[in-house]
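Chains as they are written, first to last, in the working numbering: chain B, 1 to 155; chain U, 1 to 155.
A virtual CB, placed ideally from N, CA and C, is assigned to each residue, including glycine.
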DNA sequence: ATCCGATCGTTGACTTGTCACCTACATCCT
DNA sequence: AGGATGTAGGTGACAAGTCAACGATCGGAT
């Protein structure tokens with residue numbers, strides 16, 4: 001005998017559906033834009049950004065996994081694909097025999113340099129600029145609150 | 001000779017990264033929860049919900065495509081997979097010789113009935129409840145604004 | 001009636017992400 | 001040292017989505 005569930009109110013439902021719809025459409029658009037303008041997938045772009053964040057363009061795989069919050073197998077597959085496309089190379093890690101280091105190639109640098117301005121432009125056009133500064137701040141607070149909750153809840 | 005791009009300010013960057021992080025982690029959690037508690041994927045759940053919205057549990061494929069804003073090929077693949085699992089069946093459409101109608105099966109009804117309360121519970125725990133009602137309203141407005149913009153912008 | 005463009009839906013090839021599992025190395029403890 | 005335990009990373013099978021192309025049908029204009 002179960003209690004009757006607390007269904008979502010219309011306002012709550014609007015919030016949740018707003019999130020899913022917004023994300024599905026927005027991320028699709030941004031991804032397509034990036035792909036057609038710069039021949040990079042969102043995942044490739046993200047990895048390259050994190051590599052260029054390091055001064056020498058090299059990072060431990062586990063480090064990338066940590067900051068992107070990806071599954072490690074996802075990262076491994078992704079890096080393999082990016083190696084095939086010549087955007088990065090894998091090197092052994094001197095300090096840790098298990099480890100691997102991902103290094104951006106010159107081609108990778110060219111790709112990200114060409115892609116970044118257009119990508120930022122798209123993010124701006126479709127997400128940042130339509131919102132007021134207060135909305136943007138409110139949004140960031142909301143996201144942080146939800147992320148906090150995800151961390152707290154074991155599940 | 002290109003102009004120097006308008007990079008994102010830290011606040012803007014927080015907003016955008018907040019969105020991507022929140023979505024990646026939240027949707028992953030909710031999906032895993034749904035899968036482990038109810039053996040349904042998010043996509044299956046969504047389709048079943050839209051089918052049960054219709055009183056007789058049947059809907060034109062194009063109709064589903066329209067309300068979910070999916071690619072039609074995605075819907076076609078999805079329905080095929082769901083047929084294999086016995087959640088839905090496909091029928092011919094009497095009015096339109098090209099058309100197909102997707103119909104929920106009793107097993108599909110059982111699955112969604114069992115899944116819905118727990119799924120709603122998870123959405124509530126991880127997204128709705130942590131936010132204040134004002135935040136939720138603000139969020140819905142933000143999402144609508146972004147969706148509007150997506151419609152207006154040709155690209 | 002027929003022709004033509006638009007719509008409906010499916011398919012196959014390809015890309016991406018997940019899961020379960022495996023190996024190799026590191027670390028800690030006695 | 002030796003053995004348990006944990007961590008880094010890769011692999012293969014699979015689920016899911018995208019894209020381009022296709023066949024079939026509909027509907028309006030001629």
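Residue i in three-state terms, based on DSSP
{"i": "residue 100 of chain B", "result": "strand"}
{"i": "residue 90 of chain B", "result": "strand"}
{"i": "residue 71 of chain B", "result": "coil"}
{"i": "residue 85 of chain U", "result": "coil"}
{"i": "residue 78 of chain B", "result": "helix"}
{"i": "residue 39 of chain B", "result": "coil"}
C-alpha distance - residue i paired with residue j, whole-angstrom precision
{"i": "residue 34 of chain U", "j": "residue 109 of chain U", "result": "16 Å"}
{"i": "residue 89 of chain B", "j": "residue 74 of chain B", "result": "16 Å"}
{"i": "residue 122 of chain U", "j": "residue 59 of chain U", "result": "28 Å"}
{"i": "residue 120 of chain B", "j": "residue 9 of chain B", "result": "36 Å"}
{"i": "residue 54 of chain U", "j": "residue 46 of chain U", "result": "13 Å"}
{"i": "residue 68 of chain U", "j": "residue 99 of chain B", "result": "43 Å"}
{"i": "residue 97 of chain U", "j": "residue 48 of chain U", "result": "24 Å"}
{"i": "residue 129 of chain U", "j": "residue 107 of chain B", "result": "46 Å"}
{"i": "residue 6 of chain U", "j": "residue 79 of chain U", "result": "44 Å"}
{"i": "residue 37 of chain B", "j": "residue 126 of chain B", "result": "16 Å"}
{"i": "residue 95 of chain U", "j": "residue 102 of chain U", "result": "14 Å"}
{"i": "residue 133 of chain U", "j": "residue 140 of chain U", "result": "11 Å"}
{"i": "residue 30 of chain U", "j": "residue 86 of chain U", "result": "23 Å"}
{"i": "residue 66 of chain B", "j": "residue 77 of chain B", "result": "16 Å"}
{"i": "residue 13 of chain B", "j": "residue 117 of chain U", "result": "14 Å"}
{"i": "residue 71 of chain U", "j": "residue 93 of chain B", "result": "43 Å"}
{"i": "residue 4 of chain U", "j": "residue 50 of chain B", "result": "21 Å"}
{"i": "residue 20 of chain U", "j": "residue 42 of chain B", "result": "11 Å"}
First and last residue of the uninterrupted beta strand (DSSP E) at residue i
{"i": "residue 59 of chain B", "result": "58-60"}
Endpoints, the alpha helix (DSSP H) within which residue i is located
{"i": "residue 5 of chain B", "result": "Residue 5 of chain B -> no alpha helix (DSSP H), and no H or E assigned at all."}
{"i": "residue 43 of chain B", "result": "42-53"}
Cβ pair residue i, residue j closer than 7 Å
{"i": "residue 22 of chain B", "j": "residue 26 of chain U", "result": "no"}
{"i": "residue 104 of chain U", "j": "residue 57 of chain U", "result": "yes"}
{"i": "residue 15 of chain B", "j": "residue 136 of chain U", "result": "yes"}
{"i": "residue 112 of chain U", "j": "residue 61 of chain U", "result": "no"}
{"i": "residue 64 of chain U", "j": "residue 115 of chain U", "result": "no"}
{"i": "residue 44 of chain U", "j": "residue 83 of chain U", "result": "no"}
{"i": "residue 18 of chain U", "j": "residue 143 of chain B", "result": "yes"}
In the segment 102-152 of chain B, which residue ranges form an unbroken alpha helix (DSSP H) of at least 4 residues, counting only runs that do not cross its ends?
106-123 and 133-152
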